[in-house]
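**Q** The following block contains the structure, expressed as structure tokens.
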Amino acid sequence: MWIAERFLSGSGRESLVGDLVELYDARRSRLWFWGQVLSAVATATGSDLLSHKRLLLRALVIGWAVYYGLAFPITAARLDLTSWLGAPLARWLGMYEGRCGPDVVWCAALINLVTFEWLVFTSCFLAGWIVARTHGRYGAQMALAVAVSIGLFEYGVVAWMLVLRPVPGFIPPGAPFFLPMVTLLGRPLSVALGGLVGMRPNNPKLV
Amino acid sequence: MDRREFLGGFEQLVLFAVLHVGNDAYGVPIGKAIEESSGRSVSLGSVYITLERLEAKGLVTSRQGEPTAVRGGRAKTYFRITGKGIRELRQAQRTLLHLWRGVPQLDGGNA
Numbered sequence: 001m002w003i004a005e006r007f008l009s010g011s012g013r014e015s016l017v018g019d020l021v022e023l024y025d026a027r028r029s030r031l032w033f034w035g036q037v038l039s040a041v042a043t044a045t046g047s048d049l050l051s052h053k054r055l056l057l058r059a060l061v062i063g064w065a066v067y068y069g070l071a072f073p074i075t076a077a078r079l080d081l082t083s084w085l086g087a088p089l090a091r092w093l094g095m096y097e098g099r100c101g102p103d104v105v106w107c108a109a110l111i112n113l114v115t116f117e118w119l120v121f122t123s124c125f126l127a128g129w130i131v132a133r134t135h136g137r138y139g140a141q142m143a144l145a146v147a148v149s150i151g152l153f154e155y156g157v158v159a160w161m162l163v164l165r166p167v168p169g170f171i172p173p174g175a176p177f178f179l180p181m182v183t184l185l186g187r188p189l190s191v192a193l194g195g196l197v198g199m200r201p202n203n204p205k206l207v
Numbered sequence: 208m209d210r211r212e213f214l215g216g217f218e219q220l221v222l223f224a225v226l227h228v229g230n231d232a233y234g235v236p237i238g239k240a241i242e243e244s245s246g247r248s249v250s251l252g253s254v255y256i257t258l259e260r261l262e263a264k265g266l267v268t269s270r271q272g273e274p275t276a277v278r279g280g281r282a283k284t285y286f287r288i289t290g291k292g293i294r295e296l297r298q299a300q301r302t303l304l305h306l307w308r309g310v311p312q313l314d315g316g317n318a
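In order, the protein sequence lines correspond to chains A and B. In terms of this note's numbering, the first sequence has 159 at position 159, counting the first letter as 1, and numbering is strictly consecutive. In terms of this note's numbering, the second sequence has 220 at position 13, counting the first letter as 1, and numbering is strictly consecutive.
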């Protein structure tokens with residue numbers, strides 16, 4: 001219900017949230033109820049975005065400016081970050097787990113996450129938070145739109161790199177080909193989370 | 208030729224359900240009425256978005272009820288069909304009946 005409240009209350013759909021509470025008490029099935037909540041959020045968000053196109057455009061510009069301004073320099077410094085912080089971490093992990101190097105999938109993924117990816121996730125969270133803060137009661141919806149656009153862009157780039165322009169070492173040796181896809185999921189999720197945390201329900205400012 | 212917008216299929220169902228439920232027409236019973244008559248599961252979100260659209264077209268009106276504890280302190284929004292809404296439904300019925308008549312595939316129930 002927290003998700004439904006964040007997405008629906010802000011845009012003046014308190015009654016829909018109340019109806020969902022009523023349905024939850026009717027207890028048809030948990031799966032059916034979640035289907036109702038997610039479908040209500042998706043439908044209402046789609047309707048809000050379509051009826052506030054200028055706000056959507058502004059949210060995309062702000063969201064991408066923050067994402068580009070923060071995440072891209074971090075991505076550019078990826079190799080430096082991994083070598084500065086990754087080597088001591090790998091040594092430390094190696095002491096406890098026996099062996100940790102770039103050829104060990106779980107270890108490479110963990111080093112990537114701890115040294116580099118969390119900074120990108122933080123940038124994404126900030127992008128979502130700023131979009132939510134600057135878009136009044138439609139903050140969560142706008143942040144979700146930014147999250148979807150970033151997700152689509154990143155998945156498009158990765159698909160392009162995997163299929164059309166394979167980069168050597170892009171996937172750690174022995175790792176499944178879908179590993180980058182799983183890691184990338186954190187970016188749109190972080191934007192959406194930032195939006196949910198940053199939104200101000202029932203604040204009509206700017207709208 | 209009249210340039211009015213046609214009512215969508217789901218819009219017609221929602222309007223019929225609002226009429227059918229009567230004075231107690233809010234989201235849950237409207238959705239339930241559609242499910243019972245169509246035999247299909249209905250998303251409450253779609254019902255609300257359709258009701259908002261119908262209200263913007265002047266086919267239904269809404270009023271807020273009192274907040275209740277059962278609904279976490281949230282009020283119900285009750286909907287009522289307008290005269291224009293009833294005229295639109297009648298027009299839709301006439302159009303369908305006119306098209307229906309004289310189509311042999313639709314007589315006798317064999318698809």
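Note that CB positions come from ideal geometry on N, CA and C, so glycine has one too.
Could one say the Cβ of Ala-318 of chain B lies closer than 9 Å to chain A's Cβ atoms, at least one of them?
**A** Residue placement at Ala-318 of chain B cannot be trusted, given a pLDDT of 49 that sits under 50; the coordinates are not used to answer.
**Q** Which one or two residues does DSSP pair with Gln-271 of chain B in a beta bridge?
**A** Partner(s): B:Thr-284.
**Q** Measuring alpha carbon to alpha carbon, tell me which residue in A:Val-21, A:Val-66 and A:Arg-6 is nearest Ala-42 of chain A.
**A** Residue A:Arg-6 is the option with its Cα nearest to Ala-42 of chain A.
**Q** With a cut-off of 8 Å on the beta carbons, I'd call Phe-125 of chain A and Leu-193 of chain A a contact; round off their distance for me.
**A** Indeed they touch by this definition, with Cβ atoms about 6 Å apart.
**Q** Determine, using beta carbons only, whether Val-221 of chain B comes closer than 9 Å to chain A.
**A** Taking Cβ atoms only, chain A never reaches closer than 9 Å to Val-221 of chain B, which makes this a no.
**Q** Quick one: using the 10 Å Cβ neighbour count with 16 as the cut-off for buried, is Gln-312 of chain B buried or exposed?
**A** It is exposed - the Cβ of Gln-312 of chain B has fewer than 16 other Cβ atoms within 10 Å.
**Q** Following the continuous alpha helix (DSSP H) through Gly-63 of chain A, name the residue where it begins and the one where it ends.
**A** From DSSP, the alpha helix (DSSP H) with Gly-63 of chain A extends over 53-76.
**Q** At what residues does the alpha helix (DSSP H) containing Asp-25 of chain A begin and finish?
**A** Residues 14-26.
**Q** Using the beta-carbon of each residue, which ones in chain A are nearer than 9 Å to Gly-216 of chain B?
**A** Those within 9 Å of Gly-216 of chain B in chain A number zero; the least Cβ separation is about 16 Å.
**Q** Taking 8 Å as the cut-off, is the CB of Ala-71 of chain A close to at least one heavy atom of the ligand FAD?
**A** This structure simply doesn't include the ligand FAD, nor any ligand for that matter.
**Q** Counting only beta-carbon atoms, is Glu-259 of chain B nearer than 9 Å to chain A?
**A** Interface residue, yes.
**Q** State the start and end residues of the unbroken alpha helix (DSSP H) segment that holds Glu-243 of chain B.
**A** Looking at the DSSP string, the run of the alpha helix (DSSP H) that includes Glu-243 of chain B is 234-245.
**Q** What residue range is occupied by the uninterrupted alpha helix (DSSP H) comprising His-227 of chain B?
**A** Run containing His-227 of chain B: 216-228, per the alpha helix (DSSP H) assignment.
**Q** Would you say Ser-83 of chain A lies against chain B (beta-carbon separation less than 9 Å)?
**A** So, not an interface residue.
**Q** In angstroms, rounded to a whole number, what distance separates the CA positions of Leu-185 of chain A and Leu-214 of chain B?
**A** For Leu-185 of chain A and Leu-214 of chain B, the distance between alpha carbons rounds to 40 Å.
**Q** Which chain A residues are close to Lys-283 of chain B, counting only those with a beta carbon under 7 Å from its beta carbon?
**A** Those within 7 Å of Lys-283 of chain B in chain A are Ser-15 and Gly-18.
**Q** Tell me whether Asn-230 of chain B is buried or exposed, calling it buried when 16 or more other Cβ atoms sit within 10 Å of its Cβ.
**A** By the neighbour-count rule (16 or more Cβ atoms within 10 Å), Asn-230 of chain B is not buried but exposed.
**Q** What did DSSP end up calling Lys-264 of chain B once you bin it into helix, strand or coil?
**A** In the structure shown, Lys-264 of chain B sits in coil (DSSP, three-state: anything other than H, G, I, E or B).
**Q** If you drop the 5 nearest sequence neighbours on each side, which residues of the same chain put their C-beta closer than 6 Å to that of Arg-270 of chain B?
**A** Excluding positions up to five away in sequence, the list reads Tyr-285.
**Q** Determine whether the Cβ of Val-277 of chain B lies closer than 9 Å to any Cβ atom of chain A.
**A** Yes, its Cβ sits closer than 9 Å to a Cβ of chain A.
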